[in-house]
């Protein structure tokens, strides 16, 4: 399970350095192989390959009415591999789709990560914190 937030910068070639605390797990569970695709909220999803394969099967099984979402998730998926120093290349197309230039937030979301442009994430988080909590939290104890 991946959790926690990391503020990271892409290098000049568009590579992301995976935080050390996640590298060993990704090497052991996915041999350093990841898949990156678009997320409907404007960020990118980064999956260890075994988790991506489960997600891909669920998306592929959706009915024709979801064909555009299949295209968004599957058609934009890029397979990448961590290099010897734990970096992965984020393609120019995916960076552009998420508005990522340099500064990012990598969020552990359980079985995958979300990669956000830092300014966009900060803005969206501030908006969420100012709004009402969803009903599912009404009986939730903190």
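Residue numbers (the UniProt record's numbering): 1 to 142.
The beta-carbon is built from N, C-alpha and C at its ideal position, and this holds for glycine as well.
Checklist entry - Does the separation of the CB atoms of residue 9 and residue 103 fall below 8 Å? => result Their beta carbons are under 8 Å apart, which means residue 9 touches residue 103 by this criterion.
Checklist entry - Got a sec? Which residues, its chain only, sit under 7 Å from residue 59 by beta carbon, not counting five neighbours each side? => result Once the five neighbours on either side are set aside, the close Cβ partners of residue 59 are 70, 73 and 74.
Checklist entry - Quick one: Cα of residue 78 to Cα of residue 133, how far? => result Going from the Cα of residue 78 to the Cα of residue 133 covers about 34 Å.
Checklist entry - Quick one, which of 52, 4 and 91 has its alpha-carbon nearest residue 22's? => result Ranked by how close their Cα comes to the Cα of residue 22, the residues 52, 4 and 91 have 4 in first place.
Next on the checklist: The alpha helix (DSSP H) that contains residue 74, what's its start and end?
Outcome noted: That run of the alpha helix (DSSP H) goes 67-75.
Checklist entry - Between the C-alpha atoms of residue 142 and residue 108, what's the straight-line distance to the nearest angstrom? => result Rounded to whole angstroms, residue 142 and residue 108 show a C-alpha spacing of 20 Å.
Item to check | Endpoints, alpha helix (DSSP H) assigned at residue 25 | outcome: Where residue 25 is concerned, the enclosing alpha helix (DSSP H) starts and stops at 20-30.
Checklist entry - Quick one, which of 46, 62, 11 and 119 has its alpha-carbon nearest residue 81's? => result Nearest of 46, 62, 11 and 119 to residue 81, Cα basis: 46.
Checklist entry - Taking the alpha-carbon positions, what's the residue 57 to residue 50 distance? => result Approximately 11 Å, taken between the alpha carbons.
Item to check | Bridge partner(s) assigned by DSSP for residue 16 | outcome: Paired residues: 88.
Checklist entry - For the beta strand (DSSP E) that contains residue 38, what are its first and last residues? => result That run of the beta strand (DSSP E) goes 33-38.
Checklist entry - Exposed or buried, what is residue 116 when buried is set at 16 or more other beta-carbons lying within 10 Å of its beta-carbon? => result Residue 116 comes out buried.
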